[in-house]
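Trainee: Sharing a structure, written as structure tokens. Questions coming.
Protein chains: 2
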Amino acid sequence: MSDPTPAILDRIDADQSRALDRLMELLRIPSISTDPAHADDCDTAADWLVAELSHVGFDASKRATSGHPMVVAHGGKGDRHVLFYGHYDVQPVDPLSQWDHNPFDPRIDQTPRGPVIRARGASDDKGQLMTFVEACRHWKAETGDLPCRVTILFEGEEECGSPSLVPFLETNKEELTAEIALICDSGLYDDRVPAIITTLRGLLGEELTIKGPDRDLHSGIYGGPAINPARVLTRILGRLHDEQGRVTVPGFYDGVGEPPSQVKEGWKQLNFSTEAFLGEVGLSHPAGEVGRSGLEMLWSRPTAEINGLSSGYTGDGFKTVLPSKATAKVSFRLVGGQDPQRLRTAFRDWVIGQLPPDCHVSFQDHGAAPASAMQISNPIFSATQLALTEEWGTEAAYVGGGGSIPIAGYFQSILGMECVLTGFAKDDDAIHSPNEKYDVENFHKGVRSWARILGRIAA
Amino acid sequence: MSDPTPAILDRIDADQSRALDRLMELLRIPSISTDPAHADDCDTAADWLVAELSHVGFDASKRATSGHPMVVAHGGKGDRHVLFYGHYDVQPVDPLSQWDHNPFDPRIDQTPRGPVIRARGASDDKGQLMTFVEACRHWKAETGDLPCRVTILFEGEEECGSPSLVPFLETNKEELTAEIALICDSGLYDDRVPAIITTLRGLLGEELTIKGPDRDLHSGIYGGPAINPARVLTRILGRLHDEQGRVTVPGFYDGVGEPPSQVKEGWKQLNFSTEAFLGEVGLSHPAGEVGRSGLEMLWSRPTAEINGLSSGYTGDGFKTVLPSKATAKVSFRLVGGQDPQRLRTAFRDWVIGQLPPDCHVSFQDHGAAPASAMQISNPIFSATQLALTEEWGTEAAYVGGGGSIPIAGYFQSILGMECVLTGFAKDDDAIHSPNEKYDVENFHKGVRSWARILGRIAA
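As they're listed, the protein sequences go chains A and B. For the first sequence, full-length UniProt numbering assigns the number 1 to the initial residue and increments by one for each residue that follows. For the second sequence, full-length UniProt numbering assigns the number 1 to the initial residue and increments by one for each residue that follows.
This is the structure we're talking about:
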């Protein structure tokens, strides 16, 4: 049988505007997983995907969890078997005032760099997961089947720490285990070069609330002798980094190693420009650890970031309140062998050890996942690299990832699978930010990439 | 003519429930001056006071300003002439969820320590200003007139920095200048001992916003090389105090002296218990400058407080955002000869000097007033002290004040008047906090106190 891939790519090209319409339908569903007010919307998004996958020809179903549902689908046959993963939930949209239009009313905006689909989730991750669905659609249409066995898993809790994922993988281990996992939740390298991520940082999320007086006080009546929790919070968090930009929590760097020299050499060949990278967001000076390159800061060094601060009066005008409490959300990106649970304890002990008298702290656990690193000996890695290189006309690179895709770690530890992490997002997609977008071209070439990858895997 | 005071006090006792009804009417008007959405309510409160003062027999009028209106009223005749000041605006009510009932639906709550009027503004300052109005009502009713000339000035911007006050005093200097000012916006000493405040701390309000990246970023993609403004803000504010609790802004203590030894001696005789004071709000350890007594921390030492913090994601759940900006509201209580404008500049320079590359800061001026100290040689001070002592059965004390009543400084500097600062609030009134209240007994004895004071002034 001759290779059906060229005919499939023609079908994909001819169907481009209908593929965009289908993506826009999914983008209209405000499936913000972290906000309980949007639970029904998450459910609606799962239903929409089940219907769409069934229409493509998958045996698809919605699976209840203690949180938002999973979508599982099966299709194709043959010796090779891949699990494809994406997530249908999206980040919150605040500050809403900074969006040019309703984040759940997707539009195609014309920009100097081409048309983009603008909406919350356009890039992270609805646009990306639909590239795979569309590729499968056209394989089925052209050949009547998929070129290999495909299992699909769409999650609805990726943006809120995936609380249901581990139990679900454990309960459905047999059904979900394949030869390898394909995860589409990452981006190109440098806007032109397709990339496969082979290392990912882990993530530890913490929220701390420091309480002092049992109610908000008047700063004139109590200011001086009464402890101010906002002062305590800033004092503690102000010490989270030293003058060299290193995190000061004791034991934080235990398990942090240096990447192999050949990996570092590969990074050098990418000609990464930290200045250009930071320039995209209005910055110019690397703010991480002194003496580390930009790629090291992103791919092989751990971080501590304050993601949210809240205390006292924050409205318009002024209120001379001495607040009774102060809250911070803090996250750590982890690398190598850093142990998230041990670091959670170390961070909490470090905070508690700095509390003055009369202050109490409570902590909230916002999830934890270790860093992960892939063994790339499975031929599906080289098949994917070849297919991406063919579609994009530039050799696909093996890169590190600064973000955390905890699912990759779970697939390794629970299902025993390595993960091929690739995707078509761009650095300027503004994921997690106002005016998130996904380039129409990237969506289209993403669909074509998966069509080629499926063909190469089965070859 | 025999002293009408006993008959007036009888009238006040007989009219107590109607006086409460009138106060509750005023408390139902949500005159939050700092919130532009409540501008009409401030106007309504001013209208209500004009009507009420006219009904008592004053020549009362509402006076426009560039902000919320003033209420000015004139009554009585004679050689002695006092200006009475209060403010009809109130603090915001957030967090609303911590109120037991709607803060603008005043109720009489029975408590183990007697009935209280619970509402925003019950104590600060609507309840207090009405003590004077009620006293005037019964002087008029019993004698047909007031015992001396009385000018009333009610302001509607005290809780938002009094932006219109100085121009209004300057424009209406002749009309408003009296022999002395009576200001009712303070409390008893120790719940039983009436007090006249002779020193007040000044206030400097600042808001700073530190900006880094030009939009919110994903902490996985940018965490490391991208500067985090929340980290910068906590680092700077975490250094605002040294290990001894002293403020580190250069020149901050210029002009801060020690109170005269006889004043300190008087404070000692008050037997102030810092432990009991802090115990009321769930605290036990004085958190101010090491080596200073609780009363020194409150009355003769300056402070720096963080009144509000805001950055990044602060809703439920977690968002791994690297925020583009971080904001703090900061205020300073000032003493002695500290120069607010010089300190504003010093604070701003201190912040700017600590900014790392790529960070910018903007400041918002939230008002400034120097500390003030009264010369108590005018006989109205001793008349007030005597009247208060008679009403409360305990010798009225000359005390310091930890709060800031900038109006006192303006009356001194613009109208050339000393101020008699007294009032009937209690430390547990929760002013500026949820569930603000004013004891019914204090309201009643406050009315009686002013009736006596007016009589003593005219005697």
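Don't be surprised by glycine CBs; every beta carbon is placed ideally from N, CA and C.
Check whether the Cβ atoms of Y398/A and I183/A sit closer than 8 Å, and answer yes or no.
Mentor: Residue 398/A sits at position 398 when you count from the first residue of the first sequence. Residue 183/A sits at position 183 when you count from the first residue of the first sequence. Not in contact: Y398/A and I183/A (Cβ atoms no closer than 8 Å).
Trainee: So, with DSSP's three-state summary, where would you put T394/B?
Mentor: For this step, residue 394/B is matched to residue 394 along the second sequence. Reduced to three states, the DSSP call for T394/B is coil.
Trainee: With a cut-off of 8 Å, do at least 3 Cβ pairs link the region 206-224 of chain B to the region 400-415 of chain A?
Mentor: yes
Trainee: Would you say Q110/B faces chain A, with C-beta separation under 8 Å as the test?
Mentor: The residue you call residue 110/B lines up with position 110 of the second sequence. With 8 Å as the cut-off, Q110/B does not count as an interface residue toward chain A.
Trainee: Take P106/B and list the residues in its own chain whose beta-carbon comes closer than 7 Å to its own, dropping the five residues that flank it on each side.
Mentor: The count along the second sequence starts at 1 and reaches residue 106/B at position 106. Once the five neighbours on either side are set aside, the close Cβ partners of P106/B are M24, L27, R28, I117, R118, A119 and A122.
Trainee: What is the rounded straight-line gap between the Cα of E243/A and the Cα of G224/A?
Mentor: In the first sequence, the residue the question calls residue 243/A occupies position 243. In the first sequence, the residue the question calls residue 224/A occupies position 224. Going from the Cα of E243/A to the Cα of G224/A covers about 30 Å.
Trainee: Less than 8 Å between the beta carbons of I407/B and S186/B, yes or no?
Mentor: The sequence position of residue 407/B within the second sequence is 407, counting from 1. The sequence position of residue 186/B within the second sequence is 186, counting from 1. At the C-beta level, I407/B and S186/B stay beyond 8 Å of one another.
Trainee: Quick one: grab the DSSP three-state call for F84/B.
Mentor: Here residue 84/B is taken as the residue at index 84 of the second sequence, counted from 1. The answer is strand: DSSP assigns F84/B an E or B state.
Trainee: Using only the alpha-carbon positions, how far apart do R231/B and T198/B sit?
Mentor: Within the second sequence, the letter at position 231 stands for residue 231/B. Within the second sequence, the letter at position 198 stands for residue 198/B. Rounded to the nearest whole angstrom, the CA to CA distance from R231/B to T198/B is 42 Å.
Trainee: When the cut-off is 8 Å and only beta carbons count, does H218/B lie next to chain A?
Mentor: As a working mapping, residue 218/B is identified with position 218 in the second sequence. Interface residue, yes.
Trainee: Answer with buried or exposed for Q385/A, where buried requires no fewer than 16 other C-beta atoms within 10 angstroms of its C-beta.
Mentor: Taking the first sequence and counting its residues from 1, one reaches residue 385/A at position 385. By the 10 Å Cβ count, Q385/A comes out buried.
Trainee: Report the residue from A226/B, P357/B, K173/B and F58/B whose alpha carbon sits nearest the alpha carbon of F132/B.
Mentor: The sequence position of residue 132/B within the second sequence is 132, counting from 1. Closest option to F132/B, Cα to Cα, is F58/B.
Trainee: Among D339/B, L188/B and P95/B, which has the Cα closest to the Cα of E395/B?
Mentor: Here residue 395/B corresponds to residue number 395 of the second sequence, with the count starting at 1. Answer by Cα proximity: L188/B.
Trainee: Classify S310/A: buried if its beta carbon has 16 or more other beta carbons within 10 angstroms, exposed otherwise.
Mentor: As a first step, residue 310/A is located in the first sequence; it is residue number 310 there, counting from the start. Buried, since its Cβ has 16 or more Cβ neighbours within 10 Å.
Trainee: Would you grab the beta carbon distance between N307/B and W99/B for me? Rounded to a whole angstrom, and I think it's under 8 Å.
Mentor: Here residue 307/B refers to the residue found at position 307 of the second sequence. Here residue 99/B refers to the residue found at position 99 of the second sequence. Here N307/B is actually not in contact with W99/B; their C-beta atoms are around 20 Å apart, not less than 8 Å.
Trainee: What residue from V263/B, T248/B and G156/B has the CA that sits closest to G86/B's CA?
Mentor: If you number the second sequence from 1, residue 86/B lands on position 86. For G86/B, the closest of V263/B, T248/B and G156/B by C-alpha to C-alpha distance is G156/B.
Trainee: Is the beta carbon of F332/A less than 8 Å from the beta carbon of L204/A?
Mentor: For the purposes of this step, residue 332/A is taken as the residue at position 332 of the first sequence. For the purposes of this step, residue 204/A is taken as the residue at position 204 of the first sequence. Cβ atoms of F332/A and L204/A: closer than 8 Å.
Trainee: Can you check DSSP and say which residues form a bridge with E155/B?
Mentor: Walking along the second sequence from the start, residue 155/B turns up at place 155. DSSP links E155/B through a beta bridge to H87/B.
Trainee: Identify the residues that DSSP records as bridge partners of L309/A: which are they?
Mentor: Reading the first sequence from its first residue, position 309 is the one you call residue 309/A. A328/A and S311/B, per the DSSP bridge assignment.
Trainee: If I follow the unbroken alpha helix (DSSP H) through M374/A, where does it start and stop?
Mentor: Within the first sequence, numbered from 1, the residue matching residue 374/A stands at position 374. No alpha helix (DSSP H) holds M374/A; DSSP gives it neither H nor E.
Trainee: Beta-carbon of L26/B versus every beta-carbon of chain A: anything under 8 Å?
Mentor: In the second sequence, the residue the question calls residue 26/B occupies position 26. Not an interface residue.
Trainee: Contact between the region 417-428 of chain B and the region 360-379 of chain B is defined here as three or more beta-carbon pairs at a separation below 8 Å; is this criterion met?
Mentor: yes
Trainee: When the cut-off is 8 Å and only beta carbons count, does Y410/B lie next to chain A?
Mentor: Against the second sequence, residue 410/B aligns to sequence position 410. Output row for Y410/B: interface = no.
Trainee: Quick one: list the residues of chain A neighbouring F318/B, beta-carbon separation under 8 Å, in chain order.
Mentor: As a working note, residue 318/B is residue 318 in the second sequence. The contacting residues are T34, C160, G161, G205, E207, N307, K329, S331, H366 and G367.
Trainee: Examine chain B for any beta-carbon lying closer than 8 Å to the beta-carbon of G223/A, and answer yes or no.
Mentor: Position 223 of the first sequence holds residue 223/A. Judged by the 8 Å Cβ criterion, G223/A is in contact with chain B.
Trainee: Spell out whether any CB of chain B is found under 8 Å from the CB atom of H241/A.
Mentor: In the first sequence, counting from the first residue as 1, residue 241/A sits at position 241. Interface flag for H241/A against chain B is set, since a Cβ pair is found closer than 8 Å.
Trainee: Using a 10 Å radius around the Cβ and a threshold of 16 neighbouring Cβ atoms, would you call L337/A buried or exposed?
Mentor: If you number the first sequence from 1, residue 337/A lands on position 337. Before going further, note that residue 337/A is Gly rather than Leu in the sequence given. Flag for G337/A reads exposed.
Trainee: Which residues of the region 134-167 of chain A have a Cβ closer than 9 Å to any Cβ of chain B? Give them in chain order.
Mentor: E159, C160 and G161
Trainee: Excluding sequence positions up to five away, which residues of its chain have a Cβ less than 8 Å from the Cβ of R192/A?
Mentor: If you number the first sequence from 1, residue 192/A lands on position 192. W392 and T394.
Trainee: Output, in chain order, the set of chain B residues within a Cβ distance shorter than 8 Å of A373/A.
Mentor: Walking along the first sequence from the start, residue 373/A turns up at place 373. The contacting residues do not exist; A373/A stays about 16 Å from chain B at best.
Trainee: Mapping the DSSP letters down to three states, classify P250/A as helix, strand or coil.
Mentor: Residue mapping note: residue 250/A aligns to position 250 of the first sequence, counting from 1. Reduced to three states, the DSSP call for P250/A is coil.
Trainee: Count the other C-beta atoms from every protein chain shown that fall within 10 angstroms of the C-beta of G76/B, then say buried if there are 16 or more, exposed otherwise.
Mentor: As a first step, residue 76/B is located in the second sequence; it is residue number 76 there, counting from the start. Burial of G76/B is indicated by the presence of at least 16 other C-beta atoms within 10 angstroms of its C-beta.
Trainee: Taking only runs that begin and end inside the UniProt domain "Peptidase M20 dimerisation" (199-357) of chain B, name each unbroken beta strand (DSSP E) of 3 or more residues, in chain order.
Mentor: Whole beta strand (DSSP E) segments, 3+ residues: 202-211, 303-312 and 325-334.
Trainee: Which residues does DSSP list as the beta-bridge partners of P115/B?
Mentor: Numbered from its first residue, the second sequence carries residue 115/B at position 115. DSSP output for P115/B lists Q110/B as bridge partner(s).
Trainee: Evaluate contact between the region 60-79 of chain A and the region 37-50 of chain A, counting only Cβ atoms and requiring at least three cross-stretch pairs below 8 Å.
Mentor: The answer is yes - the region 37-50 of chain A touches the region 60-79 of chain A, with three or more Cβ pairs under 8 Å.
Trainee: Which chain B residues sit within Cβ distance under 8 Å of N442/A?
Mentor: Here residue 442/A refers to the residue found at position 442 when the first sequence is read from its first residue. Ordered by position in chain B, no residue passes the 8 Å Cβ test against N442/A, which lies about 16 Å from the chain.
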